[in-house]
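2 protein chains.
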Amino acid sequence: MVKERVTVIDIARAAGVSKSTVSLVLQGSSLVNEATRAKVNAAIRDLGYVYNRSAANLRQSTSKIIGIVVNDLTNSFFAELAVGVDAVVQSAGFVQFLANTGEKIERQREVVASMREHGVSGLIVSPARGTEAVDLAPLVESGIPVVLVVRDIAGAAVSSLTSDNHAGAMAAVRHLIERGHQRIAFLGGFPDTAVFEARMRGYRDALTEAGIPVSDALIIGSAPSRAGGVTAVEQAMMLADRPTAALCFNDAVAFGVCDGLRARRLEPGADFAVIGFDDVIEAKTAVPALTTVSVDPQGMGQRAAELLLKQIKAGKAEPEAIVGSVRLVVRQSCGAAVERKREVLA
Amino acid sequence: MVKERVTVIDIARAAGVSKSTVSLVLQGSSLVNEATRAKVNAAIRDLGYVYNRSAANLRQSTSKIIGIVVNDLTNSFFAELAVGVDAVVQSAGFVQFLANTGEKIERQREVVASMREHGVSGLIVSPARGTEAVDLAPLVESGIPVVLVVRDIAGAAVSSLTSDNHAGAMAAVRHLIERGHQRIAFLGGFPDTAVFEARMRGYRDALTEAGIPVSDALIIGSAPSRAGGVTAVEQAMMLADRPTAALCFNDAVAFGVCDGLRARRLEPGADFAVIGFDDVIEAKTAVPALTTVSVDPQGMGQRAAELLLKQIKAGKAEPEAIVGSVRLVVRQSCGAAVERKREVLA
DNA sequence: TGACGAAATTGGAACGTTCCAATTATGAAG
DNA sequence: CTTCATAATTGGAACGTTCCAATTTCGTCA
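Residue numbers (the numbering used here), protein chains in the order written: chain A, 1 to 346; chain B, 1 to 346.
Written out as structure tokens, the structure reads:
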């Protein structure tokens with residue numbers, strides 16, 4: 001029952017040619033005569049041959065594999081990112097190793113090592129919290145192209161693809177201020193990450209730009225999840241001087257904030273303005289639809305993959321740091337409905 | 001700059017032993033003397049050797065790779081499933097190829113072929129809609145263990161791991177009936193899938209068991225997504241004889257139903273009972289917390305991975321079909337709060 | 001007809017590992 | 001000091017492909 005492997009040699013025998021010719025056919029070389037090509041392909045079909053890539057990339061030191069490691073696949077943002085990567089990687093005839101680190105550096109080290117052993121020809125990584133440049137050093141020394149996504153790492157000599165978190169946060173807060181809000185909170189996220197840092201700076205800058213004093217009490221960290229959002233908004237509403245609006249660290253937190261608001265009989269959008277960050281698929285269909293800073297996770301995954309493939313093709317490319325632009329998409333959760341009403345009155 | 005590969009031979013030279021001994025060390029064989037093992041390991045560290053798995057599994061025809069292909073990674077359910085698989089697969093020293101088919105059979109065919117070429121030693125697949133037994137035939141003939149998850153395929157001679165959709169749906173509807181509901185809808189999901197079929201049958205059976213007539217108007221299909229849930233509930237509320245409760249195809253639909261309810265100023269849980277299916281992470285933290293039939297996606301992924309690894313280890317195992325049990329977890333969205341009140345009065 | 005260049009094909013070495021059979025070192029027993 | 005069993009080590013073949021250099025085939029032109 002266990003049939004043994006069919007190899008190029010079997011094909012060669014069946015088609016009456018040499019294994020070299022078969023190899024040429026497999027690679028789509030133009031050197032081979034149309035008639036023989038047909039013969040070989042017929043033999044391949046008949047014998048049920050399956051190409052052995054391990055053998056191939058033992059000889060030619062280049063595999064058709066890329067690796068992608070994410071810090072939290074449970075978060076829709078990263079799932080969508082992975083989908084974006086997958087799409088372009090597949091069309092390019094590559095396949096992807098995907099690993100989830102769950103923010104654990106040790107696990108990250110392991111999976112990166114494992115991927116190296118498997119001969120990936122490039123790596124897209126959204127690094128776990130606390131990853132440092134030295135952690136990536138062996139990888140970059142080996143000359144494998146690496147693209148960092150979402151989170152950049154200072155001093156790591158690799159390409160990165162991040163989004164303009166500072167500008168996005170400023171745009172969001174400006175919008176809130178235009179709507180008349182003065183007590184604006186920044187909710188959720190781990191304060192020790194670069195992304196948090198950037199978004200929070202944008203938040204502060206927009207506030208001071210408008211002459212509104214920044215109060216540290218209104219900056220409340222939490223896990224960057226829906227549950228984290230609930231606890232963050234609870235904490236915010238215990239303040240003596242409650243906020244009337246919030247920019248949230250990401251969409252997951254924003255959804256949690258909406259949940260927390262409803263738990264206190266407050267209607268997001270009407271009684272309290274909330275803005276998210278990311279523009280996850282669900283943001284559009286939620287009720288109220290979430291106003292959010294769109295970073296287009298799927299598109300980001302695609303661009304990261306394209307950048308990586310470009311570098312793989314080019315051999316060793318010098319690192320480039322791309323920061324993608326970002327735009328505020330205004331929906332209902334920030335009180336746009338109220339605004340519309342106001343417009344009618346005006 | 002481009003340093004060439006360090007191989008076992010280099011290590012052997014550096015450590016003053018033969019390549020065979022180095023190989024033995026790499027495999028953790030007990031045949032090698034403690035002192036030489038130390039020497040070899042030192043050399044490995046010093047030279048920055050990285051193991052070449054392609055070469056290894058060219059020789060020994062067994063790789064440490066498994067493949068997982070899912071139909072929609074954008075859906076949290078499958079993302080969590082993948083995380084579960086990843087966890088056990090990683091601990092077993094394997095790595096996973098993950099591919100997303102987006103319900104496209106053609107893509108599925110491609111990725112499965114690609115994974116075969118890369119020599120995966122097993123495959124977990126949540127098949128795209130419309131996959132038939134013949135599509136998997138070449139795969140099973142080759143003797144590669146396959147575990148189907150979530151969706152079973154009639155006639156495919158492979159193992160499967162599904163959940164007891166019928167019993168889960170019955171339990172949910174019984175619960176709704178006990179709460180006094182009579183007009184109960186079944187919302188969302190593609191009607192041409194086995195999962196839909198099973199859940200819907202459970203819904204009907206619970207209804208007829210209680211002597212409540214089944215009305216086809218109350219069974220409304222849609223995409224199994226949040227957006228689909230919104231449209232399904234809209235359609236349901238246009239009915240002359242409106243439902244007062246709904247069992248939803250999955251949690252995503254249930255969230256959408258909640259959104260749609262709110263859009264009509266109806267409070268899920270209080271004004272309309274909704275029950276989901278899956279028990280995605282968010283179900284617990286949402287407001288109102290979602291009553292749902294728990295199938296524990298992450299646990300399911302783990303079990304699938306364990307089953308697959310078992311079969312890989314055993315060589316060729318005969319297929320087994322496991323249907324995981326399922327339980328109703330009662331939270332707020334079905335009006336449990338009301339019930340509690342009633343208990344107090346009694 | 002012979003010569004020549006282009007087109008097509010080919011054998012063999014190489015990639016980095018594992019496995020087998022064979023060899024050598026070590027130590028215990030007589 | 002042999003003899004033997006056991007522990008350690010080793011060389012070489014093999015895995016399935018690609019690549020190179022070499023060879024054969026073919027059509028064209030003088």
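Here a beta-carbon is modelled for each residue, glycine too, at the ideal position from N, C-alpha and C.
Alpha-carbon spacing of Phe-190 (chain A) relative to Leu-123 (chain B), whole angstroms = Linking Phe-190 (chain A) to Leu-123 (chain B) through their CA atoms gives a straight-line distance of about 37 Å.
Checklist line | Residues bridged to Ile-177 (chain A) (per DSSP) | finding: According to DSSP, which records beta bridges pairwise, Ile-177 (chain A) is partnered with nothing at all.
Report task. Give the straight-line distance between the Cα atoms of Ser-126 (chain B) and Asp-216 (chain B), rounded to the nearest whole angstrom. Result -> As the crow flies, the alpha-carbon of Ser-126 (chain B) is around 29 Å from that of Asp-216 (chain B).
Using a Cβ-Cβ cut-off of 6 Å (strictly less than) and excluding sequence neighbours within five positions of Ser-333 (chain B), which residues of its own chain qualify?
-> Cβ within range, chain order: Pro-268, Gly-269, Val-274, Pro-288, Leu-290, Thr-291.
Item to complete: Consider the Cβ of Asp-10 (chain A): report whether some Cβ of chain B lies at a distance smaller than 8 Å.
Response: no
Worksheet item: Closest Cβ-Cβ distance between Glu-234 (chain A) and chain B: below 8 Å?
Response: Judged by the 8 Å Cβ criterion, Glu-234 (chain A) is not in contact with chain B.
Worksheet item: Taking Cβ to Cβ, would you say Phe-255 (chain B) is nearer than 8 Å to Ala-206 (chain B)?
Response: no
Worksheet item: Is the Cβ of Phe-190 (chain B) closer than 8 Å to any Cβ of chain A?
Response: Closer than 8 Å: no.
- [ ] Work out the CA separation of Gln-27 (chain A) and Ala-15 (chain B) for me, nearest whole Å.
- [x] 40 Å
*asked:* Measuring alpha carbon to alpha carbon, tell me which residue in A:Thr-193, A:Asp-192, A:Ala-169 is nearest Ala-185 (chain A).
replied: Measuring from the Cα of Ala-185 (chain A), the nearest candidate turns out to be A:Ala-169.
(message) Spatial neighbours of Ile-9 (chain B) within its chain, please: C-beta separation below 6 Å, excluding the five flanking residues on both sides.
(response) Lys-19
(Q) Given this structure, state the Cα-to-Cα distance separating Ala-137 (chain B) from Val-112 (chain B), to the nearest angstrom. (A) 12 Å
Review point. For Gln-96 (chain A), which beta-bridge partners are listed by DSSP?
Key: A:Ile-66
(message) For Leu-309 (chain A) and Gly-228 (chain B), what's the separation of their Cα atoms in angstroms?
(response) 36 Å
| query | Since Leu-81 (chain A) and Val-149 (chain A) are thought to touch, with beta carbons under 8 Å apart, how far apart are those beta carbons, to the nearest angstrom? | reply | 7 Å
CB-CB under 6 Å to Gly-324 (chain A), same chain, minus the five flanking residues each way: which ones, in chain order?
Ser-163
**Buried versus exposed, by CB contacts within 10 Å (16 or more), Val-69 (chain A)** = buried
- Would DSSP call Leu-161 (chain A) helix, strand or coil? strand
- prompt: DSSP state of Ser-114 (chain A), grouped into three classes?
  reply: helix
**OP:** Taking the CB atoms as reference points, tell me whether Ile-144 (chain A) and Val-95 (chain A) lie closer together than 8 Å.
**Re:** no
Roughly how many angstroms separate the alpha carbons of His-181 (chain A) and Pro-243 (chain A), rounded to a whole number? 9 Å
- Message: Strictly under 8 Å for the Cβ-Cβ distance: is Thr-285 (chain A) near chain B by that measure?
- Response: With 8 Å as the cut-off, Thr-285 (chain A) counts as an interface residue toward chain B.
Q | Cβ shell of Ala-12 (chain B) (< 6 Å), same chain only, five flanking positions each side left out | A | Once the five neighbours on either side are set aside, the close Cβ partners of Ala-12 (chain B) are Ser-18, Lys-19, Val-22.
### Message
Pop quiz: Phe-78 (chain A) and Asp-72 (chain A) are said to be a contact at Cβ under 8 Å. What is the actual Cβ separation, rounded to whole angstroms?
### Response
Their Cβ separation, rounded to whole angstroms, is 6 Å, which keeps Phe-78 (chain A) and Asp-72 (chain A) in contact under 8 Å.
* Interface residues of chain B around Leu-98 (chain A) at Cβ under 8 Å? -> Ala-82, Asp-86, Gln-96, Phe-97, Leu-98
Can you pull the DSSP bridge partners for Thr-292 (chain A)? According to DSSP, which records beta bridges pairwise, Thr-292 (chain A) is partnered with A:Gly-276, A:Val-329.
Q: Measure the CB-CB distance between Ala-172 (chain A) and Leu-218 (chain A) and report whether it falls below 8 Å.
A: no
Requested in this report: Can you tell me which of the three DSSP states Pro-268 (chain A) falls into?
Outcome: strand
In chain B, what lies closer than 8 Å to Asn-52 (chain A) by C-beta? Leu-58, Glu-117, Gly-119
Per DSSP, what are the beta-bridge partners of Ile-124 (chain A) in this structure?
A:Ile-68, A:Val-147
DSSP three-state assignment for Leu-239 (chain B), whether helix, strand or coil: coil
If you draw a straight line from the C-alpha of His-118 (chain A) to the C-alpha of Glu-106 (chain A), how long is it? 19 Å
Note to self: Judging by CA-CA distance, which residue of A:Arg-327, A:Glu-141, A:Ile-281 is the nearest neighbour of His-166 (chain A)?
What the structure shows: A:Arg-327
Checklist entry - At a cut-off of 7 Å, is Arg-37 (chain A) close to the ligand MN when judged by its beta-carbon and the heavy atoms of the ligand? => result Questions concerning the ligand MN fall outside what the structure shown contains, since it holds no ligand whatsoever.
Item checked: Contact under 8 Å by Cβ, Arg-151 (chain A) with Val-195 (chain A) -> Yes.
Note to self: Tell me which residues of the region 265 to 284 of chain B have at least one Cβ-Cβ distance to chain A shorter than 7 Å, keeping chain order.
What the structure shows: Ile-281, Glu-282
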